[in-house]
Amino acid sequence: MKAISYRRYGGPEVLEYGEVPDPKVGPDTVLVKVRASAVNPVDWKCREGYLDAVLDPVFPVVPGWDLAGVVVRPGLAVTEFAEGDEVIGYVREDFLSRGTCAEYVAAPVRTLARKPAGLSFEEAAGLPLAGLTAYQVLTKALRVRRGETVLVHAAAGGVGSLAVQIAHHLGARVIGTASEANHDFVRSLGGEPVAYGDGLAERVRGLAPEGVDAAFDTIGGDTMKTSANLLAPEGRLASIADPEVKAYGGQYCFVRPDPQDLTRLAELAEQGAVSVHVSETFPLRRTADAHRLNQQGRTRGKIVITVD
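Positions 35 to 342 (this note's numbering) are the ones given, in order, by the sequence shown.
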């Protein structure tokens with residue numbers, strides 16, 4: 035099959051387009067014909083070796099953890115899906131090798147859910163990793179409740195834009211940091227935008243003088259520290275970017291595959307409570323260009339790889 039792969043850590047130039055062996059379908063996996071795969075910051079961080087301490091690479095590595103596609107064949111023990119079912123998946127294993135930037139993926143059944151009927155394959159591919167991250171942080175780490183005020187950083191990005199919508203659906207008031215050019219976009223998601231940069235704390239306090247009940251950090255560093263100082267007395271802080279959040283009484287979060295959570299996300303998408311903004315698409319052979327664009331860190335919504 036055709037796929038993108040890399041044989042060593044490095045920049046986008048190490049990504050190769052070509053033939054790799056077809057995946058074997060184990061008892062608990064599902065062979066999926068990939069229609070689209072989304073690009074996430076973790077993809078290029080893995081490619082450059084930043085996660086080597088926690089994920090062993092089995093070279094050549096096929097990158098990508100997100101997919102939307104069609105079931106070709108379920109494994110012998112799989113009863114949840116049948117041939118022809120449209121699915122989405124956050125296909126992460128505990129090592130790097132069998133990613134989703136490929137024509138076919140043998141996905142563990144625990145990583146899949148049914149594709150939302152109202153989303154295109156490109157939109158659906160952008161939902162799993164970013165959506166699960168947002169959903170798990172908001173509902174499990176921060177335990178956001180109706181009537182609370184939530185601060186979401188990078189509110190126009192992949193995770194942030196979904197977090198704004200999910201928090202809004204949960205009944206929270208959402209304040210989202212974003213560049214001025216993305217303020218209308220954040221408003222359209224249900225958030226109240228504030229600009230990045232000097233004076234951020236004062237701008238947030240102007241909207242929430244008593245402090246925020248929960249802060250969702252996607253940036254780390256000084257932004258995470260600012261978030262800690264903006265919390266109400268019983269406020270909660272979580273970060274997906276900076277483990278130092280623990281020193282401020284917060285929780286560091288790393289998304290995990292969960293078919294129940296993914297199914298709930300799909301339901302929210304079908305209800306119209308959550309949508310995925312696709313900023314740009316690239317064909318599979320141009321995955322390196324998609325990685326370069328993602329590394330610039332200025333994407334509104336998601337960058338998606340399409341697989342013919």
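Cβ coordinates follow ideal geometry from the N, Cα and C atoms, glycine included.
Nearest to residue i by CA position, among the options, is which residue?
i      : options                           : result
Asp232 : Thr134, Ala87, Ser213 and Ala159  : Ser213
Thr167 : Thr252, Leu302, Glu278 and Lys79  : Thr252
Lys58  : Glu182, Ala141 and Gly52          : Ala141
Asp218 : Val289, Glu244, Ala189 and Ala201 : Ala189
Asp292 : Met35, Arg42, Pro108 and Gln170   : Gln170
Ala70  : Trp78, Gly133, Gly52 and Gly83    : Gly133
Val54  : Ala37, Cys80, Ser309 and Gly283   : Ala37
Ala275 : Val220, Glu157 and Gly254         : Gly254
Pro75  : Glu301, Phe288 and Val341         : Phe288
Asp77  : Val95, Val186, Asn216 and Arg179  : Val95
Asp342 : Phe155, Gly123 and Tyr230         : Phe155
Mind checking whether residue i and residue j have CB atoms under 9 Å apart?
i      : j      : result
Ala103 : Val66  : With the sequence shown as reference, residue 103 is identified as Gly, and Ala is not the correct amino acid for it. Result yes, Cβ atoms of Gly103 and Val66 sit closer than 9 Å.
Leu223 : Leu172 : no
Ala266 : Val238 : no
Val48  : Arg107 : no
Ala324 : Val143 : no
Leu327 : Leu161 : no
Pro91  : Ser39  : no
Thr260 : Leu241 : no
Ile122 : Leu101 : yes
Glu137 : Ser309 : no
Gly225 : Ile200 : no
Arg270 : Arg334 : no
Any beta carbon from chain E within less than 9 Å of residue i's own beta carbon?
i      : result
Asp256 : Looking for chain E here will not work: only one protein chain is present.
Please classify residue i: is it buried, with 16 or more other beta-carbons within 10 angstroms of its beta-carbon, or exposed?
i      : result
Phe250 : buried
Gln330 : exposed
Glu182 : buried
Thr211 : buried
Phe115 : buried
Asp295 : buried
So residue i and residue j are supposed to be a Cβ contact under 8 Å. How far apart are they, rounded?
i      : j      : result
Arg126 : Phe93  : About 18 Å separates the two Cβ atoms, so there is no contact after all.
Val228 : Met258 : With 8 Å as the limit, Val228 and Met258 do not qualify as a contact, their Cβ atoms being about 16 Å apart.
Thr297 : Ala197 : Their Cβ separation, rounded to whole angstroms, is 19 Å, which puts Thr297 and Ala197 out of contact at 8 Å.
Ala164 : Gln285 : The Cβ separation is near 19 Å, so there is no contact.
Val184 : Ala248 : 5 Å
Cys135 : Ile337 : In fact, because the Cβ distance is near 12 Å, the residues do not count as touching under 8 Å.
Is it the case that the CB of residue i approaches a heavy atom of the ligand FAD more closely than 8 Å?
i      : result
Leu130 : As far as ligands go, the structure on display features none, and thus does not contain the ligand FAD.
Next item on the list: Evaluate the contact criterion for the region 179-195 versus the region 140-155: three or more CB pairs, one atom per stretch, below 8 Å.
Entry: no
Item checked: Cβ pair count under 8 Å reaching 3, the region 314-333 against the region 291-305 -> The answer is no - the region 291-305 does not touch the region 314-333, with fewer than three Cβ pairs under 8 Å.
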